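J.: In the working numbering, the protein residues as written are 39 to 400.
Every residue gets a Cβ at the ideal spot worked out from N, C-alpha and C, and that includes glycine.
In this text the structure is predicted, and so the values were computed from the model without any measurement.
Below you will find the structure I want to go over with you.
Written as structure tokens, this is what we have:
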């Protein structure tokens, strides 16, 4: 690249990342680094099980720790309620414990208060915990908007013993989300597309994305078997790291492309509303590979990997029975909107091309 065409490059990282069995027990000590008064929102699905654990972890380390039950959606009302409660408690740090919506609520509320944020995921279903992004929903569960945050969480505290207690379907979905990381980053590298914060990725971003791919391919099936036994074994630890940390850094710093755009299109169909984010993304990866015209052996290897880690490989696996032009056209129209990330591919993508790619997955 000539000097005249050089663009800014950059990466984003969480402030600190700590992973391992029993990590949540260190919450009080870790929170005290940022302040003696804290507020915490806990996912309603794990509130009764984890509230005593959180209380025990924080009661000697902090002067005040207010615990709130999350309402279920990351809405503007939920964010404001947490911010108000934290402000009333004089919180110097905000904590989110649970799935993505509880964590996103904590991240957005921390931004409003201008205080540090700690997140402690209880599933490894996506790369959201490390990101500087909160997806804000309406009360009916539809997306209101994406809120881009000025910084990533100050601490991501990953207790793999707790994550191993969750159904293995969540880990498989995280593998699906992580699967997209390298393929989308590579598309952006080839096209020169900008990453999530509008600069080109540094070479390290693409190396991390490649390491993410290699880890899930090497350890994915074994990690799911460990998860079935509720064991935080060696393979499980590697895949949790890939799903949360490596994929989180890789997608923000490397960039996103067709796989997630096709996910957005699939999400338009009522038939797939039951599916997890990463399950839809996995099918988006296969569609992206068809768009790119990769050799059949490469496509088959990725498809077979998806099968080995319990991810969908056909539209029917997501519950899509009607694969006529009208239905596939809905997916393609959403995926190919002007300004959509599908246009980060290193070649022009049309709605007809997306429909043709999806037809190979019937």
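In this structure, what does DSSP give as the bridge partners for residue 107?
T.: 80
J.: Check whether the Cβ atoms of residue 70 and residue 114 lie closer than 7 Å to each other.
T.: no
J.: Please determine, among 295, 306 and 311, the residue with the shortest C-alpha to C-alpha distance to residue 387.
T.: Of the candidates 295, 306 and 311, the one whose C-alpha sits nearest the C-alpha of residue 387 is 295.
J.: Are the CB atoms of residue 246 and residue 288 within a distance shorter than 7 Å?
T.: Taking the C-beta atoms as reference points, residue 246 is found nearer than 7 Å to residue 288.
J.: Run the CB neighbour count on residue 362, radius 10 Å, all protein chains shown included, and call it buried at 16 or more, exposed below.
T.: exposed
J.: Are the beta-carbon atoms of residue 297 and residue 332 separated by less than 7 Å?
T.: Their beta carbons are not under 7 Å apart, which means residue 297 does not touch residue 332 by this criterion.
J.: Smallest Cα separation from residue 267: which of 201, 322 and 118?
T.: 201
J.: Excluding sequence positions up to five away, which residues of its chain have a Cβ less than 6 Å from the Cβ of residue 192?
T.: 53, 154 and 155
J.: Check for me: the beta strand (DSSP E) holding residue 417 runs from which residue to which?
T.: The structure shown does not extend to residue 417, since the chain spans only 39 to 400, so no value can be given for it.
J.: In the DSSP output, what is residue 152 paired with across the bridge?
T.: Partner(s): none; residue 152 has no beta bridge.
J.: Exposed or buried, which one is residue 41 when buried takes at least 16 other CB atoms within 10 Å?
T.: Bear in mind that the predicted position of residue 41 carries a pLDDT of just 43, short of 50, making it too unreliable to give a figure here.
J.: List the whole-angstrom C-beta distance separating residue 210 from residue 262, where the pair is believed to meet the contact cut-off of C-beta under 8 Å.
T.: Indeed, because the Cβ distance is near 6 Å, the residues count as touching under 8 Å.
J.: Beta-carbon within less than 7 Å of residue 249's beta-carbon, same chain only, minus the 5 sequence neighbours each way: which residues are those?
T.: 284
J.: Ends of the beta strand (DSSP E) at residue 57?
T.: 55-57
J.: For residue 387, name the three-state secondary structure that DSSP assigns.
T.: coil
J.: Residue 39: buried (16+ other C-beta within 10 angstroms of its C-beta) or exposed?
T.: Confidence in residue 39 is poor, its pLDDT being 40 and thus under 50, which makes the residue's placement unreliable; the coordinate value appears in the next sentence. Exposed, by the Cβ-count rule.
J.: Let me confirm a value: residue 129 is counted as buried when at least 16 other C-beta atoms fall within 10 Å, else exposed. Which label applies?
T.: buried
J.: Look up residue 74 in the DSSP assignment and say whether it is helix, strand or coil.
T.: In the displayed model, residue 74 falls within coil according to three-state DSSP, outside both helix and strand.
J.: Let me know the secondary structure DSSP gives residue 132 once reduced to three states.
T.: strand
J.: Is it a yes or a no for the segment 69-86 touching the segment 122-136, going by three-plus beta-carbon pairs under 8 Å?
T.: yes
J.: If I measure Cβ to Cβ from residue 176 and keep anything under 6 Å in the same chain, skipping five residues before and after, which residues do I get?
T.: 182
J.: For residue 322, I'd like the list of residues in its chain whose CB is within less than 6 Å of its CB, leaving aside the five on either flank, ordered along the chain.
T.: 297, 300 and 301
J.: Which runs of the alpha helix (DSSP H), 4 residues or longer, sit entirely within the segment 273-312?
T.: 285-292 and 296-304
J.: Per DSSP, what kind of secondary structure is residue 86 in: helix, strand or coil?
T.: helix
J.: On the criterion of 16 or more Cβ atoms from any shown chain inside 10 Å, does residue 172 qualify as buried, or is it exposed?
T.: buried
J.: Distance, Cα to Cα, residue 400 vs residue 116?
T.: 40 Å
J.: What residues in its chain sit with their C-beta under 6 Å from that of residue 366, if we drop five residues either side in the sequence?
T.: 393 and 396
J.: Rounded to whole angstroms, what's the CA-CA distance from residue 98 to residue 84? Just pull it up for me.
T.: 23 Å
J.: Work out the CA separation of residue 151 and residue 317 for me, nearest whole Å.
T.: So the alpha carbons of these two residues sit roughly 34 Å apart.
J.: Taking 7 Å as the threshold (C-beta atoms), are residue 106 and residue 143 in contact?
T.: no
J.: Report the three-state DSSP secondary structure of residue 172 (helix, strand or coil).
T.: strand
J.: Go through the segment 221-268 residue by residue and report every complete run of the alpha helix (DSSP H) that reaches 4 residues or more, in order.
T.: 241-266
J.: Under 7 Å between the Cβ atoms of residue 382 and residue 229?
T.: yes
J.: Report the partner residues of residue 158 according to the DSSP bridge assignment.
T.: 135
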